[in-house]
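Protein chains in written order, with the UniProt record's numbering: chain A, 1 to 343; chain B, 1 to 343.
We treat Cβ as the ideally placed atom computed from N, Cα and C, and that holds for glycine.
Here the structure is a predicted model, which means the values were calculated and not measured.
I have placed the structure first, in the form of structure tokens, so that the comments after it can refer back to it.
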DNA sequence: AATCAATGCTCCATCGATTGAGCATCGATG
DNA sequence: CATCGATGCTCAATCGATGGAGCATTGATT
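Okay, here's the thing in structure tokens:
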């Protein structure tokens with residue numbers, strides 16, 4: 001198919017200068033808004049603006065940024081785009097960056113440590129002023145790379161030790177969620193028994209804190225959590241499903257209630273529950289650390305914790321705006337979500 | 001909190017040249033891999049590489065790109081990050097771009113026509129070589145902007161008339177989906193009756209084609225679709241919910257089955273169904289144009305159509321790789337998904 | 001000894017936008 | 001009429017990386 005051929009050469013300020021019968025510096029100042037300060041007449045400004053429009057001129061950012069001191073580019077790396085939490089982080093980040101006249105660049109690193117590092121280096125090459133490492137497997141490595149390249153970094157979702165970190169209050173969120181699940185057990189099953197904990201990585205900070213909250217809530221409810229019920233099997237749905245299947249196949253007891261450590265793991269859990277038929281028509285009493293609108297609709301009164309993404313990004317940009325962090329780790333309380341309660 | 005202060009100045013090839021006792025051009029050629037061609041000794045190359053490592057040197061892309069002829073940057077604009085379809089488009093796009101040594105930049109325009117144009121201009125400023133307009137409200141406008149700036153563009157998901165377009169085969173997908181829903185009606189309700197069509201915008205090409213498939217399938221099943229059952233109320237969940245509520249409140253008949261035109265609209269539909277209680281314990285027979293793992297788990301045997309994102313992006317990159325499109329509109333057949341069938 | 005190719009570099013113009021410094025011109029003022 | 005401030009612009013250096021052209025040096029060949 002023949003589409004209009006690309007123009008051979010891009011219009012530059014020199015082309016516009018020639019067309020307007022003026023100098024490149026006049027054109028530049030008109031187009032970047034400094035023309036009043038530089039005492040360019042309104043008449044010339046208008047002429048240049050019109051010509052730029054006509055010629056479809058777009059400033060060459062490479063040239064412009066090379067000359068300027070600040071790039072106003074902010075970068076973010078994010079593990080995946082496959083769930084609502086990271087999706088809203090990216091969307092909110094872009095919106096808030098634009099509001100401030102910053103140019104956001106985001107890239108997804110698929111939970112691959114090597115790709116995280118490679119992506120960080122690449123962004124530094126583009127002169128990002130800030131790099132937000134979201135859910136990074138090795139945040140301190142990213143911080144070091146940024147520091148040595150003269151850029152600043154922040155950790156989001158998972159904390160690091162060498163840059164300010166903005167994370168959810170995982171302990172409090174998990175504590176509350178566990179209490180709610182246990183209460184639902186009491187109401188629906190007539191008794192409380194230790195819950196199963198499924199999903200996440202035992203090595204990551206969030207899972208650790210959530211486990212701590214999970215255990216504390218058991219203790220405070222007079223229960224002692226069963227260590228064999230704790231399955232931090234990773235985040236992928238298949239892993240959660242395989243973990244449950246393995247337990248089930250081994251003939252071990254299955255719990256009355258479950259704490260699932262992400263919507264992604266919940267996919268696997270619910271799939272296993274339906275497929276195995278272990279719980280019959282009913283679902284086990286469940287709760288999920290993270291939110292998805294369809295989970296609300298799944299029925300079975302699944303409790304959720306929704307991380308407060310707008311508040312987290314307000315904290316991020318407050319650091320970017322001011323250049324300083326009030327404390328090394330900022331914990332944002334997440335929001336309790338009950339079935340249908342968001343309507 | 002005091003974190004390590006940023007380095008005042010970034011290391012440049014001139015700094016490395018001085019440290020290595022050589023010239024900037026030697027350093028440059030070592031670092032960009034042309035040193036053999038330029039007959040730099042392996043000894044010097046190794047020394048420079050080591051120094052670059054030690055100093056945390058990162059090439060200044062702005063300077064490098066300014067000098068080079070091609071930027072190897074590819075841009076994409078995407079409406080939202082709030083569903084699996086666009087999420088996987090972005091993730092696949094980034095992965096495939098990286099495989100080719102291209103640098104992907106993606107931005108989300110929140111279905112805002114002004115933001116689409118602004119984002120496109122911004123990307124052109126960064127010298128993107130290709131701009132992929134995904135689900136754009138006015139694709140031809142984007143194409144024109146790109147053409148006049150000497151960049152090439154492609155349309156994805158929604159077609160335009162002035163650049164190659166890669167879209168799902170919406171007619172075939174909707175036809176098949178409608179048939180499946182009607183078959184399920186026959187089986188579960190013992191009879192077929194016209195379905196309701198909920199979601200999407202009447203003005204957009206995809207909704208139009210899906211409606212055409214929807215109607216054709218009715219016709220071929222010996223039914224005439226009820227025009228008052230067609231509710232292209234937009235994509236947001238609240239709009240779908242409001243549309244159903246309005247119909248219900250008006251006392252009009254509700255259908256036995258529904259064709260829902262996106263997972264996002266389905267959120268609203270399922271929410272209304274559960275809230276209104278109109279369908280009692282059962283769900284209406286349903287189908288959804290788009291896929292989400294939780295919908296599979298919702299029960300009620302909701303049929304889905306999953307758009308073939310990998311095939312779509314393979315088509316995109318085949319055009320980028322070769323520079324030419326085999327035809328103006330490439331239609332990719334979507335994939336039928338049955339409840340639990342993906343396990 | 002002169003010639004020549006190969007080796008290993010360096011020099012410098014260039015990409016396009018920015019910006020401090022500076023040069024005309026003009027009308028007003030003493 | 002000389003001076004001055006305001007007005008409206010232009011000049012040229014600069015940002016950092018790149019790559020064509022070219023310059024020494026070395027060793028081999030006639």
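Inter-residue distance for residue 288(B) and residue 202(B) is about 17 Å (C-alpha atoms, whole angstroms).
Judged by DSSP in its simplified three-state form, residue 155(B) adopts strand. Interface residue (Cβ-Cβ distance to chain A less than 8 Å): residue 107(B) is classified as such. By the CB criterion at 8 Å, residue 298(A) and residue 257(A) fall outside the cutoff. For the C-beta of residue 184(A), not a single chain B residue is nearer than 7 Å; the gap to the nearest is close to 18 Å. Spanning the alpha carbons of residue 53(B) and residue 87(B) requires a straight line of approximately 35 Å.
Looking at 126(B), 30(B), 139(B) and 33(B), the one whose alpha-carbon comes closest to that of residue 78(B) is 139(B). Residue contact with chain A for residue 61(B): present (Cβ-Cβ distance below 8 Å to some residue of chain A).
Against chain A, a Cβ distance below 8 Å from residue 336(B) picks out nothing, because the smallest value is about 19 Å. Taken through DSSP and simplified to helix, strand or coil, residue 202(A) comes out as coil.
If you look at residue 286(B), you'll find it in the beta strand (DSSP E) that goes 285–289. Residue 316(A) and residue 80(B) have their C-alpha atoms spaced approximately 21 Å apart. Residue 176(A) has no beta-bridge partner at all, per DSSP. Proximity of residue 303(A) to chain B, defined by a Cβ-Cβ separation below 8 Å, is not satisfied. Nearest Cα to residue 320(A) within the set 274(A), 73(A) and 273(A): 73(A). Under the Cβ criterion of 8 Å, residue 271(B) is counted among the residues facing chain A. Taking a Cβ-Cβ cut-off of 7 Å, the neighbours of residue 126(A) in chain B comprise 61, given in sequence order.
Within chain A, 82 have C-beta atoms less than 7 Å from the C-beta of residue 84(B), given in sequence order. Against residue 295(B), the close residues of chain A are 294, in the order they occur along the chain (beta-carbon pairs closer than 8 Å). Taking a beta-carbon distance threshold of 8 Å, residue 317(A) does not count as an interface residue toward chain B. Taking C-beta separations shorter than 6 Å and ignoring five residues to either side along the sequence, the partners of residue 179(A) in its chain run 217, following chain order.
Interface with chain A (8 Å Cβ-Cβ cutoff): residue 94(B) is included. Close to residue 121(B), with beta-carbon spacing below 9 Å, are these residues of chain A in chain order: 58. Residue 92(B) sits in a helix when the DSSP states are folded into three classes.
As a beta-bridge residue in DSSP terms, residue 303(A) pairs with 287(A).
The three-state secondary structure of residue 331(B), taken from DSSP, is strand. Non-local beta-carbon contacts of residue 48(A) in its own chain, meaning distances under 8 Å to residues more than five positions away in sequence, involve 16, 20, 22, 26, 27, 30 and 31 in chain order. Taking a 10 Å sphere around the C-beta of residue 239(B), we find 16 or more other C-beta atoms and assign the residue as buried. The count of Cβ pairs closer than 8 Å, one atom from the segment 277–284 of chain A and one from the segment 270–284 of chain B, stays below three, leaving the stretches out of contact. For residue 29(B), the enclosing alpha helix (DSSP H) begins and ends at 24–31. Proximity of residue 116(A) to chain B, defined by a Cβ-Cβ separation below 8 Å, is not satisfied. The Cβ of residue 87(B) sits closer than 8 Å to at least one Cβ of chain A. Just so you know, the alpha carbons of residue 151(B) and residue 199(A) end up roughly 45 Å apart. The alpha-carbon of residue 295(B) is positioned some 15 Å away from that of residue 272(B).
Counting only residues of its own chain and dropping the five nearest sequence neighbours on each side, residue 55(A) has a CB closer than 6 Å to the CB of 11. A residue is called buried when at least 16 other Cβ atoms come within 10 angstroms of its Cβ; residue 334(B) meets this threshold and is buried.
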